[in-house]
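*Asks:* Mind having a look at this structure? Questions to follow.
Number of protein chains: 2
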Amino acid sequence: MTLKQSYGIGELAREFDVTTRTIRFYEDQGLLTPRRRGQTRIYSPADRVALKLILRGKRLGFSLAESGDLIRLYQPTGDNRQQLGALLEKIDEKRTQLEQQRVDIQIMQQDLDAAEERARQALKELENKESSDV
Amino acid sequence: MTLKQSYGIGELAREFDVTTRTIRFYEDQGLLTPRRRGQTRIYSPADRVALKLILRGKRLGFSLAESGDLIRLYQPTGDNRQQLGALLEKIDEKRTQLEQQRVDIQIMQQDLDAAEERARQALKELENKESSDV
DNA sequence: GGGGAAGTTTACGTTAACGTAAAGTGGCCT
DNA sequence: AGGCCACTTTACGTTAACGTAAACTTCCCC
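One line per chain: the protein sequences are A and B, in this order.
If you read the first sequence in the numbering used here, its first letter stands for residue 4, the second for the next number, and so on.
If you read the second sequence in the numbering used here, its first letter stands for residue 4, the second for the next number, and so on.
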């Protein structure tokens, strides 16, 4: 069994735990481009991937506009040299940003380690007090 | 020469490239607690560290409330067991979140690699066309 | 003592990213 | 036919995180 060819809005909403309002909003922002059967939206696998990317972006604090950029990095626009140059620049920008975030995460993780250590120490001392409290 | 003992608001604003409005806003939210000399705010090294943490949090998409949590992880509240337990839980939560972000970053970096590769290929093909265009 | 420069308070404005509500459509079931 | 979903459009509401402007004080400089 190969992958599904199309998805309904509710289906995607359930899968990614967002509201249908949110999905329609992303379309409004030009991030998703479902086709229609009558009134009803029908989403392609590419739309699904785009949605995934948007949500991943959100977890990293990206704006929808930024995620839009990322999505467009994937659409082979049959470009000219100008655009390809700009593309490579954008990629480089994002790379720099991600690298900064990686560093930030490392520092925070160390901070958390230290905080946990202090908390555990404090707990230990509480227990000591207690045993001498009997 | 040891570190500075206090900072002015403009000084911090310049160092971290934020406006004084922003710094005052963070105080309003309870994230910074400068003392006063008359009307004027005077920031301690601890305030400066907190500010640093807030901005790092922002780069990772944390809300100010979340960064507030992180700051409080540092303030030894002379806690009871209840609070220490809650503290350890929060630390664990944050750890999980950071771990997810780490994964997200890795995926995005791979995506960028792929996108760059495609862009470079497209450039190559443009050049080929050109040389056969003469 | 007039004027910057840097600080202050108060308050209204703005943007992003949806939430929420109202009112309608289309299909399917019994 | 009635009812219940799941879907639609339209539109106003909301929250976070500041921006921006106005109207002060304080201090320093010449």
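Where is the CB? At the ideal position from N, CA and C, for every residue including glycine.
1) Could you spell out the range, first to last residue, of the alpha helix (DSSP H) harbouring T23(A)?
2) Determine the chain B residues that contact I74(A) at a beta-carbon separation under 8 Å, and present them in chain order.
3) Consult DSSP for T80(B) and reduce its assignment to one of helix, strand or coil.
4) Name the two residues that bound the continuous alpha helix (DSSP H) containing G60(A).
5) Between L54(B) and Y77(B), is the Cβ-Cβ spacing less than 9 Å?
6) Taking only beta-carbon positions, decide if G64(B) is within less than 9 Å of chain A.
7) From the DSSP output, which residues share a beta bridge with R44(A)?
8) Applying the criterion that 16 or more other CB atoms from any shown protein chain within 10 Å of the CB defines a buried residue, is R51(A) buried or exposed?
9) Could you spell out where the alpha helix (DSSP H) holding L15(B) opens and where it closes?
10) Using CA coordinates, which residue listed in G81(A), G13(A), R105(A) is at the minimum distance from Q124(B)?
11) Is the shortest distance between the beta-carbon of I108(B) and the beta-carbons of chain A less than 9 Å?
12) Please list the segments of the alpha helix (DSSP H) lying wholly inside the stretch 64 to 113 of chain B, counting only runs of 4 or more residues, in order along the chain.
13) Could you have a look at L6(A) and say whether DSSP puts it in helix, strand or coil?
14) I'd like to know if P79(A) contacts chain B, where contact means its C-beta is closer than 9 Å to some C-beta of that chain.
15) Counting only Cβ pairs nearer than 7 Å, list the residues of chain A close to L67(B).
16) According to the neighbour-count rule (16 or more other Cβ atoms, all chains shown, within 10 Å of its Cβ), is Q8(B) buried or exposed?
17) Using alpha carbons as the reference points, say which of A49(B), G41(B), D31(B), R40(B) lies closest to L15(B).
18) When the Cα of R40(B) is compared with those of L129(B), Y10(B), D107(B), which residue comes out closest?
19) Give the straight-line distance between the Cα atoms of G71(A) and I57(A), rounded to the nearest whole angstrom.
*Replies:* Reading from the atomic positions:
1) Under the DSSP assignment, T23(A) falls in the alpha helix (DSSP H) whose first and last residues are 23 to 31.
2) Close partners of I74(A) in chain B (Cβ separation under 8 Å) are lacking, with about 10 Å as the shortest Cβ gap.
3) coil
4) 48 to 62
5) no
6) The C-beta of G64(B) comes closer than 9 Å to at least one C-beta of chain A.
7) R39(A)
8) buried
9) 12 to 19 is the span of the alpha helix (DSSP H), which, as asked, contains L15(B).
10) G81(A)
11) yes
12) 67 to 75
13) coil
14) Taking Cβ atoms only, chain B reaches closer than 9 Å to P79(A), which makes this a yes.
15) Going along chain A, no residue has its Cβ under 7 Å from L67(B), so there is no contact; the nearest lies around 13 Å.
16) It counts as exposed.
17) A49(B)
18) Y10(B)
19) 8 Å
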